[in-house]
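Notes follow once the structure below has been shown.
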Amino acid sequence: MPDDIPIFVPYLGPEVEAAALEAIRGGWIGPGPVTTRFEAEIARVCGVGEGGADRRVVATSSGTAALHAANLAVGIGPGDEVIIPAFDYVAGHQAVSMTGADLVLCDIEDATWGADPASIERLITDRTKAIVLVHFCGVPARTDEILALARARGIRVIEDAAHAFGTLDHGRPIGSFGDLTCFSFGPVKIVTSLEGGAVITGSADEEDMIRSLRVLGIDSDVSAKYQRARDVQYDVLRQGYRYHLGTISASIGLAQVALLDTFIANRRSYCQRYAAAFADLDAIGTQDTDWEGVSPFEFVMRLPDQETRDSLMKHLRELGVGAGKAWIGAHETTFYRDCRRDELPVTEAVSREALIIPLHSVMADETVERVIDGVRSFFVGS
Ligand SMILES: *Cc1c(COP(=O)(O)O)cnc(C)c1O
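Add 7 to a position in the sequence shown, counting from 1, and you land on the number used in my numbering.
Here is the structure:
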């Protein structure tokens, strides 16, 4: 029996090991110049500063921290409403409820599995202060349309781009345009810094706020000096959090970003191979993409119904091929069941019909073939 193929495998090769060791030997664990270098690399990947656009990157301790800080930087709090897809990772929902604001749940659309602009529009009230988008599995949501409808009403848009580091939307990197864009560099993400995240914003005020929020509300300039000379005067400006990113994490993140082009090219080619291998199987649907320009996070199939999804999942697991479900809608959880919401037919269908199969940054040919054979054998026998 060959080894099981997990759904996710982090790339932890020699470059990553060397970066971790170098950081440890450097003797400084807290945030510092390596964190600043990681921010500069995130900026490079996301096209920040290209075309003269003045945008900024702030690294954080996780994607959840990035989303929470982004919500706070927009000024969200009790009494406000934030429209967010019911189909998001729990972290996106929690980042809103942490502020005390009310979540309002919109549906997703069939094509991208991202927020449906028409559903968002139906939910807007004069309490709406922000809209959250998710670029599911790296496939861009309909950002331009949603930005346009938000800007017409003075509402900020927060992109949960945890799946989309390195994705191009109409040729522009995600993070190079828009309002606030949040990334995750957590354990399963395409680039991992063990734990980590980042916010990109085009607003200097929001940047200052996020820099202060991530160091316990301390005036951010002072906190940098405070590491070295403990006699510096500091001020506490607001309620803050411990959301900074340390040197060892940033060093691992830098080693990973250096490999990102290869990771993306590999993942894209595996997605395209899966799609070609399943093209004759009418039961298998995917997001509407050819993966060109996409930095693919997961390969997710949509089956005709829950029963087929569950049987295929069981079949794959018996063959040692990892397979898992996608998210359930927030309205199906205890904590968020009473949120105001639109009708959520696509969310409900996708959460029952979606199946995630293995996608890694580096996969052997035989591994890709085993996944393909596993799926095909369910439909056409082996
Ligand atoms: C991973 C993820 C997050 C949270 O990021 P962490 O780094 O795990 O805190 C948020 N949203 C989505 C869509 C994610 O996949």
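Backbone N, C-alpha and C define an ideal beta-carbon position, used for all residues, glycine too.
In this model, G56 and P92 are separated by some 30 Å (Cα to Cα).
Exclusion of the five residues before and after E213 leaves A80 as the residues of its chain whose Cβ lies within less than 6 Å of its Cβ. Annotation: the continuous alpha helix (DSSP H) that includes C278 extends over L267 to A284. Residue burial is scored here from C-beta neighbours: G84 has fewer than 16 other C-beta atoms within 10 angstroms and is therefore classed as exposed.
Between Q246 and A118, the C-beta gap is not smaller than 9 Å, which leaves the two residues out of contact.
Here the C-alpha atom of K321 lies approximately 46 Å from the C-alpha atom of R158.
The alpha-carbon separation between L110 and I90 amounts to approximately 6 Å. In the DSSP assignment, M216 falls within the alpha helix (DSSP H) that extends over A211 to L220. R134 carries a coil assignment under DSSP once its states are collapsed to helix, strand and coil. Taking C-alpha positions only, V195 is separated from R275 by approximately 17 Å.
Approximately 6 Å separates the beta-carbon atoms of N273 and S368; this is inside 8 Å, confirming the contact.
About 6 Å separates the beta carbon of I36 from that of T254, a gap short enough to meet the 8 Å contact definition.
Put simply, the backbone Cα of S183 is about 21 Å away from that of P124. Straight-line measurement puts the Cα of A371 at about 19 Å from the Cα of E22.
The criterion of a C-beta distance shorter than 9 Å is not satisfied by L154 and S200.
Within the chosen limit of 8 Å, ligand 1 does not reach the beta carbon of G185 with any heavy atom. Membership of M308 in the beta strand (DSSP E) is indicated by the continuous run F306 to R309.
The straight-line gap separating the alpha-carbon atoms of F385 and D95 is approximately 29 Å.
Counting only the Cα atoms, G327 lies some 45 Å from R163. The criterion of a C-beta distance shorter than 9 Å is not satisfied by F190 and A76. Going by beta carbons, H142 and G161 fall outside the 9 Å limit. Note on geometry: alpha-carbon atoms of W334 and Q240 lie some 47 Å from one another. The stretch 165-183 makes no contact with the stretch 28-42; the number of CB pairs closer than 8 Å stays below 3. By a beta-carbon distance limit of 8 Å, A26 does not contact T42. Their separation comes to about 13 Å. At least one heavy atom of ligand 1 falls within 8 Å of the beta-carbon of S69. Rounded to whole angstroms, G99 and V198 show a C-alpha spacing of 19 Å. Separation of V146 and S68 (C-alpha to C-alpha, rounded to the nearest whole angstrom) is 24 Å. At a Cβ-Cβ threshold of 9 Å, R62 and T174 do not count as neighbours. Following the DSSP letters along the chain, one finds T340 in no alpha helix (DSSP H), marked with neither H nor E.
In the structure shown, L110 adopts extended strand secondary structure according to DSSP, grouped into three states.
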